[in-house]
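**Q** Sharing a structure below in structure tokens format, with a few things to ask.
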Amino acid sequence: MKTRTRLAGTAAAGAIALVGAWEGLRLTAYRDIVGVPTVCYGETRGVHLGDRHSKADCDAMLLASLRRHEAGMRRCLKRPDGIPEKSYIAFVSLTYNVGVGAFCRSTAARRLNAGDVRGACDAATWFNKAGGRKVRGLVNRRAAEHALCLEGLN
844 MKTRTRLAGT AAAGAIALVG AWEGLRLTAY RDIVGVPTVC YGETRGVHLG DRHSKADCDA
904 MLLASLRRHE AGMRRCLKRP DGIPEKSYIA FVSLTYNVGV GAFCRSTAAR RLNAGDVRGA
964 CDAATWFNKA GGRKVRGLVN RRAAEHALCL EGLN
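Residue numbers (this note's numbering): 844 to 997.
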């Protein structure tokens, strides 16, 4: 059975813009802040140092990865289609950044499953560390996602 997606049209454009802006584009693989080989817009799956990609490859990789992360996120949520679009995009961005497993085990996911979207938006800001240390870039990213998440509730 194919997993439904909400990442089409404006939602896809919103997710691509948000994640792309925070991840940045690097065409040659590098080690991220915790030493993981990374390329394009933060892609780590199957990446080896020295890998090179075109911007078109990276754009396609980002959309495929966003959809893969969205599918994983949806599997651990009771009513993913009940989440307002802007909040949904913020949670897809969070899931892309922290991984499906971390998102699904999070207080944010538990609060979404309890119907507390505002509380989930707040809990998402707690993902602000890399390698056990608070990282200014993650604090800023979570603040931007939080603002978008709450905007979805107004």
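Think of the CB as a built atom: it goes at the ideal place given N, C-alpha and C, for glycine as much as any other residue.
Could you spell out the range, first to last residue, of the alpha helix (DSSP H) harbouring ARG961?
**A** Here residue 961 refers to the residue found at position 118 of the sequence shown. Here the alpha helix (DSSP H) through ARG961 covers 960-967.
**Q** Among ALA990, GLU913 and ALA957, which residue has its Cα nearest to the Cα of PHE946?
**A** Counted from its first residue, the sequence shown places residue 946 at position 103. With distances taken between Cα atoms, PHE946 lies closest to GLU913.
**Q** Using the Cβ count rule (16 or more neighbours within 10 Å means buried), how would you classify MET844?
**A** Start at 1 with the first residue of the sequence shown, and residue 844 comes out as number 1. Residue confidence is low: MET844 scores 43 on pLDDT, short of 50, so the model does not pin down where it sits. Its coordinate-derived value is still stated next. Exposed, by the Cβ-count rule.
**Q** In the DSSP output, what is TYR873 paired with across the bridge?
**A** Along the sequence shown, one-based indexing puts residue 873 at 30. In the DSSP output, where bridge partners are listed per residue, TYR873 has THR881.
**Q** Go ahead and pull the three-state DSSP assignment for ARG895.
**A** On the sequence shown, position 52 is the one that residue 895 refers to. Strand at ARG895.
**Q** Can you tell me the Cα-Cα spacing of ASP959 and GLY893, whole angstroms?
**A** On the sequence shown, residue 959 is found 116 positions in, with the first residue counted as 1. On the sequence shown, residue 893 is found 50 positions in, with the first residue counted as 1. Roughly 44 angstroms between the two C-alpha positions.
**Q** Where ALA899 and ALA860 are concerned, what is the direct C-alpha to C-alpha distance, given to the nearest angstrom?
**A** Here the question's residue 899 lines up with position 56 in the sequence shown. Here the question's residue 860 lines up with position 17 in the sequence shown. Cα to Cα, the separation comes out at about 15 angstroms.
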